[in-house]
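Visitor: Input: one structure, supplied below.
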Amino acid sequence: MKRVVVAGAGISGLSLAFELERLGVSVLVLESDRRAGGKIETDRCDGYICERGPASYLDRHNSITPLARHLGIEGRVLPASAAGERRLVVADGRLHDTPLDAAAFLRSRLLPWSAKLRMLADLFLPRGSSARGQEESVTAFASRRLGAQAGERLLQPLVSGLYAGDPDVVSLPAAFPLMAALEREHRSLVLGMRADLKQQRAKRQAASDAPRLSSFVSGLDELTTALASKLGDRLRLGARVAQVERVAAGFRLAVDEGGRSSTLDADALVLAIPAHQACAVVQPLDSDLSEILTRIPYVPVALVHLGYFASALPEPADAYGFFVPASQHLKILGAIFASAIFPDRAPAGFSLFSVRTGGARHPETASLPDEELTALAHADLRGLLGLTAPPAFAHIARHERALPQYTLGHMDRVAALEAGERRYPGLYFHGNAYHNAGVPELVSRSGKLARRLAEELAR
Ligand SMILES: Cc1cc2nc3c(=O)[nH]c(=O)nc-3n(C[C@H](O)[C@H](O)[C@H](O)COP(=O)(O)OP(=O)(O)OC[C@H]3O[C@@H](n4cnc5c(N)ncnc54)[C@H](O)[C@@H]3O)c2cc1C
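In the working numbering, the protein residues as written are 1 to 459.
The structure is reproduced here in structure tokens:
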């Protein structure tokens with residue numbers, strides 16, 4: 001029987017392996033770390049639940065719900081409270097709601113009238129380069145369609161929120177293909193977003209199982225723990241794929257397990273590991289592919305979880321959280337109001353916030369000593385929320401290379417990697433470095449890749 005080796009037991013590798021098993025394909029997952037889950041990791045301390053990586057997901061592709069069902073953990077899915085619907089943005093040093101309809105937009109003080117009027121030009125402007133599939137930065141796209149100020153306050157925060165990236169260099173069609181599609185299909189971004197929102201609302205009214213922001217009862221790592229346990233001995237921890245070479249029957253892998261080296265043959269190899277790791281693995285096979293992988297940059301992120309007595313908040317923090325546009329003089333990138341979305345994330349009588357720092361804009365912040373980082377996160381949060389007391393709890397999670405950046409030229413890089421896959425049939429690049437970093441999108445891609453692989457191996 002042909003065997004697939006998957007390198008990397010993050011959500012991409014785990015969900016792919018699980019799907020391959022369900023399709024009857026023999027699979028082995030090799031993970032360099034001593035634990036499975038990759039960026040998904042949940043810490044539980046002092047009654048708080050702190051997510052070191054992702055905290056929630058919106059199952060737009062209906063991929064996590066069926067996966068949870070197959071794993072027998074559907075009952076553990078935890079939908080967010082209504083607060084999860086409300087997104088805030090910092091402007092002029094204050095928090096503002098992101099307006100979701102025309103009336104709210106007109107009432108909103110997020111933008112001055114001059115910027116609102118400029119936004120109306122979007123209704124008449126022709127399609128631009130993103131609609132034609134050409135790359136342009138998020139800043140260029142946002143300024144072209146909505147004007148500089150509206151773009152900065154409405155679109156740039158998305159780059160911060162999803163990629164901790166720099167909107168001047170992140171590619172709009174690579175990082176936000178939906179936005180490029182809205183321009184392509186509706187010409188006007190405003191009209192396109194309105195139509196998309198209407199569609200989402202109609203879906204939500206029509207179906208009780210329409211996508212809702214969710215997590216799992218005791219944290220997102222319930223999902224990866226369940227996947228790892230289903231895989232059992234088809235998952236080998238502490239096993240780093242060091243190198244790959246082509247052999248007649250497929251691929252020969254050099255594997256390093258605690259300093260012990262061995263080789264392993266596979267009919268197909270999926271590299272579900274970060275691009276900055278994959279480059280060394282493929283170097284002996286193809287130095288051009290390796291070089292392309294090194295050109296996918298990563299940024300550091302530190303998440304500072306701060307717990308406060310509820311009485312320290314002048315008013316309840318009933319929102320998903322806020323994003324900070326680049327023009328605001330704050331060192332943090334934003335914060336998620338963790339216990340407002342999922343109340344059990346903090347003990348009764350306390351509130352938990354997850355403050356995001358670092359990213360492309362302030363990479364140096366992510367490596368500040370714990371005390372300085374906590375003080376900085378608290379100071380920015382206090383300024384915005386009017387907190388009247390210091391935190392009663394602090395917890396820090398750091399990632400030196402947290403998130404890949406889809407910078408200008410990314411689509412060409414991905415096309416070159418796909419050409420590499422065609423040059424070496426049986427080799428696949430999977431994971432968040434290429435098409436999307438969201439957990440549901442990665443699980444959805446795993447499903448598609450598993451079906452493709454099963455078909456190709458059966459030939
Ligand atoms: C701080 C933060 C917050 C986020 N928030 C959200 C969110 O709220 N919602 C959302 O949907 N997404 C979020 N994301 C994005 C999402 O978490 C990631 O994109 C996703 O978890 C990546 O999964 P992956 O399997 O592709 O990669 P990873 O999780 O990075 O897994 C790769 C695995 O490969 C292993 N590995 C590396 N090299 C080797 C090797 N040579 N051999 C074997 N194994 C190797 C690693 O140890 C790791 O376990 C967030 C990410 C971060 C960092």
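Every residue gets a Cβ at the ideal spot worked out from N, C-alpha and C, and that includes glycine.
Would you call the region 176–193 and the region 117–135 in contact, with 3 or more CB pairs under 8 Å?
Guide: Touching, per the Cβ criterion.
Visitor: Below 8 Å, is the gap between the Cβ of Glu31 and the nearest heavy atom of ligand 1?
Guide: The answer is yes for Glu31.
Visitor: By the three-class DSSP mapping on this structure, what secondary structure does Glu136 have?
Guide: Coil, per DSSP.
Visitor: Does the separation of the CB atoms of Tyr163 and Ala437 fall below 9 Å?
Guide: Contact: yes.
Visitor: Pick helix, strand or coil for Ser218, following the three-state DSSP scheme.
Guide: It is coil, neither helix nor strand.
Visitor: Taking the alpha helix (DSSP H) that Ala103 belongs to, which residues open and close that run?
Guide: Run containing Ala103: Ala102 to Arg107, per the alpha helix (DSSP H) assignment.
Visitor: Measuring from the CB of Asn62, is there a heavy atom of ligand 1 at a distance below 8 Å?
Guide: Checking the Cβ of Asn62 against ligand 1 gives no.
Visitor: May I ask you to check if the CB of Leu339 is nearer than 8 Å to at least one heavy atom of ligand 1?
Guide: This sequence places Ser at residue 339; Leu is not what is there. Ser339: no, Cβ never under 8 Å from ligand 1.
Visitor: Run through DSSP, which three-state label would Pro343 get?
Guide: It is helical.
Visitor: Fully enclosed by the region 46–76, which beta strand (DSSP E) runs are 3 residues long or longer?
Guide: As far as the region 46–76 is concerned, its whole beta strand (DSSP E) runs of at least 3 residues are 48–51.
Visitor: Could you check whether the Cβ of Ala310 sits closer than 8 Å to any heavy atom belonging to ligand 1?
Guide: Checking the Cβ of Ala310 against ligand 1 gives no.
Visitor: Our contact map puts Pro167 next to Thr139 with C-beta atoms below 8 Å; I'd like the distance itself, whole angstroms only.
Guide: Pro167 to Thr139, Cβ: 5 Å. Contact.
Visitor: Glu460 lies in the alpha helix (DSSP H); which residues open and close that run?
Guide: With the chain covering only 1 through 459, there is no way to say anything about residue 460.
Visitor: Taking the DSSP output, what are the residues bridged to Arg144?
Guide: Answer by DSSP bridge pairing: none, since Arg144 is not bridged.
Visitor: Under the assumption that Val299 contacts Pro363 (Cβ atoms under 8 Å), give the Cβ distance between them as a whole number of angstroms.
Guide: Indeed, because the Cβ distance is near 6 Å, the residues count as touching under 8 Å.
Visitor: Are there three or more Cβ pairs, one per stretch, closer than 8 Å when the region 280–293 is compared with the region 417–432?
Guide: Yes, since at least three Cβ pairs between the region 280–293 and the region 417–432 fall closer than 8 Å, the two stretches touch.
Visitor: Answer yes or no: does any C-beta atom of chain D fall closer than 9 Å to that of Glu456?
Guide: Of the chains in the structure shown, none is chain D; there is only one protein chain.
Visitor: Under 8 Å: do the region 370–390 and the region 70–83 share three or more Cβ pairs, one atom per stretch?
Guide: With a cut-off of 8 Å, the region 70–83 and the region 370–390 do not count as touching, because too few Cβ pairs lie within range.
Visitor: Could you tell me whether the region 41–52 touches the region 346–354, where touching means 3 or more Cβ pairs closer than 8 Å?
Guide: With a cut-off of 8 Å, the region 346–354 and the region 41–52 count as touching, because enough Cβ pairs lie within range.
Visitor: Give me, in chain order, the residues of the same chain whose beta-carbon lies closer than 8 Å to that of Arg94; leave out the 5 immediate sequence neighbours on both sides.
Guide: Within the same chain, Arg94 has close Cβ partners Leu384.
Visitor: Quick check on the burial criterion: 16 or more other C-beta atoms within 10 angstroms. Buried or exposed for Lys39?
Guide: Label assigned to Lys39: buried.
Visitor: Between the region 350–358 and the region 307–317, are three or more C-beta pairs nearer than 8 Å?
Guide: With the cut-off at 8 Å, the region 350–358 and the region 307–317 touch.
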